[in-house]
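Chemist: Residue numbers (my numbering): 19 to 589. Glycine included, each C-beta is placed from N, C-alpha and C at the ideal position.
1) By alpha-carbon positions, which one of 480, 130, 141 and 350 ends up nearest to residue 87?
2) Please state whether the Cβ-Cβ distance between residue 207 and residue 229 is less than 9 Å.
3) Tell me the rounded alpha-carbon separation between residue 43 and residue 181.
4) Determine the direct distance from the alpha carbon of residue 127 to that of residue 41, and round the result to whole angstroms.
5) Assign residue 344 to one of two classes, buried (16 or more other C-beta atoms within 10 Å of its C-beta) or exposed (fewer than that).
6) Out of curiosity, what's the CA-to-CA distance linking residue 267 and residue 304?
7) Less than 9 Å between the C-beta atoms of residue 445 and residue 471, yes or no?
8) Give every residue of the same chain whose Cβ lies closer than 6 Å to the Cβ of residue 453, excluding the five residues on either side of it in the sequence, and list them in chain order.
9) Quick check: the Cα distance between residue 524 and residue 404, rounded to an integer number of angstroms?
10) Between which two residues does the alpha helix (DSSP H) harbouring residue 531 extend?
11) So which of 561, 427 and 346 has the shortest CA-CA distance to residue 400?
12) Tell me the DSSP secondary structure of residue 322 in three-state form.
13) Going by other Cβ atoms of all chains shown within 10 Å of its Cβ, with 16 needed for buried, is residue 218 buried or exposed?
14) With DSSP run on the structure shown, which of helix, strand or coil describes residue 121?
15) Return helix, strand or coil for residue 168, following the three-state DSSP convention.
16) Measure the C-alpha to C-alpha separation of residue 168 and residue 222 and round it to an integer number of angstroms.
17) Measure the C-alpha to C-alpha separation of residue 332 and residue 378 and round it to an integer number of angstroms.
18) So, does the stretch 102–121 touch the stretch 143–153, judging by three or more C-beta pairs under 8 Å?
19) Between residue 365 and residue 443, what straight-line distance do the alpha-carbon atoms span, to the nearest angstrom?
20) Does the beta-carbon of residue 63 have 16 or more other beta-carbons within 10 angstroms, so that it is buried, or is it exposed?
21) Can you list, in chain order, the residues of its chain whose CB lies under 7 Å from that of residue 435, leaving out five sequence neighbours each side?
22) Relative to the alpha-carbon of residue 372, which residue among 544, 385, 350 and 384 has its alpha-carbon at the smallest distance?
23) Can you name the start and end residues of the beta strand (DSSP E) that residue 404 belongs to?
24) Is there contact between the stretch 89–100 and the stretch 47–61, where contact requires at least three CB pairs shorter than 8 Å?
25) Let me know if residue 172 comes out buried or exposed under the rule of 16 or more other beta-carbons within 10 Å of its beta-carbon.
26) Is it true that the CB of residue 245 sits closer than 9 Å to the CB of residue 313?
27) In terms of residue numbering, what span does the beta strand (DSSP E) encompassing residue 243 cover?
28) Residues in its own chain within less than 8 Å of residue 101 by CB, not counting five upstream and five downstream?
29) Alpha carbon to alpha carbon, how far is residue 144 from residue 68?
30) Which value, in whole angstroms, describes the spacing of the CA atoms of residue 362 and residue 374?
31) To which residues does DSSP link residue 135 through a beta bridge?
32) Taking all protein chains shown into account, decide if residue 429 is buried (16 or more other Cβ within 10 angstroms of its Cβ) or exposed.
33) Report the option in 83, 511, 125 and 203 whose CA atom is closest to the CA atom of residue 135.
34) List the whole-angstrom C-beta distance separating residue 270 from residue 255, where the pair is believed to meet the contact cut-off of C-beta under 8 Å.
35) Looking only at its chain, what residues have a beta carbon closer than 7 Å to the beta carbon of residue 237, apart from the 5 residues adjacent to it on each side?
36) What residue from 527, 358 and 199 has the CA that sits closest to residue 563's CA?
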């Protein structure tokens, strides 16, 4: 019999089934891999391996093994017996098969292992097939699904979406994407990009078939009756899930308009079937409304003297705070403004309508069309009238007129206050049409400031508290708009000096002369004259809005004239 001798190591392998892939068991002191780390995923044609060698261990070998540290595959040497200064190596991975690998630094007795890591140079496969076909109505949602995408080696680490097809994958992440469908009909391209844990990527695209949704017309918002000449405001309550809408109106009188709302004024009485076609670029809807247009009863024009910020008990100069008109309806009526002017209120009083003015804002100055609808519950009718709103109205005669502006003009230029309003009556030619005797600070004396009808001269602005002579070729009425000074402001002031001074009256109230002037001046003026040269009794005669006055100062007091609190308190 042949004698067989087995080593202890062989016995362990045969009896215990232990697979020994290396006899080196102790790690090399101070030698450790930096890259790749255990469980790393790497890709590309080359990879930079790094390690430490803190104790300067010489004669190391760098080796690789396919299948991982525990596989039975042999080690292959990359560099052999290098000195302690070498701590990096560029590893050519271009020809490596995808799979698990291990690296070791070896000195024949001991080894330091990198741990298992994966080389993955194969792209993942992206697909959107899981949810296809993709279809939706505009404005609704559809779920895009990339769950059938796969990667055989490291797995998919990231899903990125480009659903607006702008080339940037910045519209979200995740296996699925909730996509809100834009305007249709359209075929929208959507894309997904998947990346594996080694950094490899793949892209896939699909199409979403988007159907248009027709707009919905929900009715025209408007009155069903109007007066001839009254502007309408027709608003179509249409809706669409996504699209911008176009509105095309037909007013049933040969006229059309576009846009929403439509503002249209009927010029003839009648019954009109107003219609609108609403289009989203693909489909449309239609709405219509029957509107009755009646001729209003025309009332005489009114003129109202009004001013913003006045108290409710203000009684305008030469004006009225309330006007009433009788209606043709009986049984008690309601009166409603259909063309509204701020500061005007209309209310029913038995069978009449009462128009009340109060605190009219500056932007309502000038001529305003008023339309009032009167209703007694069973029938209705319309009334219209023009109302002209002014802050001052001063009647002028041919020849010379001495006036003052009772409030602060909205525009204080002489063109706005005098020249434009009186362009048909101021004298023309080389003569000066406007004169004002005022203090000149450059000479410390009073002198005449003048302006021609064309604006030539040295009189540029019109101020309350000062007076102006106007030379007219024919009678006219000076009208304008302004406001009182805000509360706690210093009133308009005029410098007066010994001798004659020309001043105006600020305010809309008639005030006794002694109350219209500053209290400290009460003993300093000798004479007050009106425009006709009549002497006024300061304790018995009034300063009136719109008028100018000569005041004789009898002493060198250098005082400032300005209205007292009674004069510029407007109520």
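Modeler: Result, derived from the coordinates:
1) Of the listed residues, the one whose Cα sits closest to residue 87 is 130.
2) Cβ atoms of residue 207 and residue 229: not closer than 9 Å.
3) Note that residue 43 scores a pLDDT of 48, beneath 50, so its modelled location is shaky and nothing firm can be said.
4) Here residue 41 scores only 39 on pLDDT, less than 50, and its place in the model should not be relied on; the value that follows carries that caveat. Taking C-alpha positions only, residue 41 is separated from residue 127 by approximately 8 Å.
5) Around the beta carbon of residue 344, fewer than 16 other beta carbons sit within 10 angstroms, so the residue counts as exposed.
6) Their Cα atoms are separated by approximately 10 Å.
7) Residue 471 is positioned such that its CB atom lies closer than 9 Å to that of residue 445.
8) The residues are 466, 468 and 487.
9) Cα to Cα, residue 524 sits roughly 29 Å from residue 404.
10) Judged by DSSP secondary structure, residue 531 falls within the alpha helix (DSSP H) whose first and last residues are 531–534.
11) Per the Cα distances, 346.
12) In the structure shown, residue 322 sits in a strand (DSSP, three-state: E or B).
13) Burial call: buried.
14) It is a strand residue.
15) DSSP places residue 168 in the strand class (E or B) of the three-state scheme.
16) C-alpha of residue 168 to C-alpha of residue 222: approximately 12 Å in a straight line.
17) With a pLDDT of 40 at residue 332, under the threshold of 50, the modelled position of that residue is not reliable, and no figure is offered here.
18) Under the three-pair Cβ rule at 8 Å, the stretch 102–121 does not count as touching the stretch 143–153.
19) Taking the straight line from one Cα to the other gives about 40 Å.
20) Around the beta carbon of residue 63, fewer than 16 other beta carbons sit within 10 angstroms, so the residue counts as exposed.
21) 423, 427, 480 and 498.
22) Closest by alpha carbon: 350.
23) Element bounds for residue 404: 398–408.
24) By the Cβ criterion, the stretch 89–100 is not in contact with the stretch 47–61, since fewer than three pairs of Cβ atoms, one from each stretch, lie closer than 8 Å.
25) Label assigned to residue 172: buried.
26) Here residue 313 is near residue 245, since their CB atoms are less than 9 Å apart.
27) 243–245 is the extent of the beta strand (DSSP E) around residue 243.
28) So the qualifying residues of the chain are 76 and 77.
29) Put simply, the backbone Cα of residue 144 is about 34 Å away from that of residue 68.
30) Take the alpha-carbon of residue 362 and the one of residue 374: they are about 6 Å apart.
31) Answer is 119, bridged to residue 135.
32) Around the C-beta of residue 429, fewer than 16 other C-beta atoms lie within 10 Å, and the residue is accordingly described as exposed.
33) Checked all of 83, 511, 125 and 203; the closest Cα to residue 135 is 83.
34) 20 Å between Cβ atoms; not a contact.
35) Spatial neighbours of residue 237 in its own chain (CB-CB distance under 7 Å, excluding positions within 5 residues in sequence) are listed in chain order as 255 and 305.
36) It is 527 whose Cα lies nearest to the Cα of residue 563.
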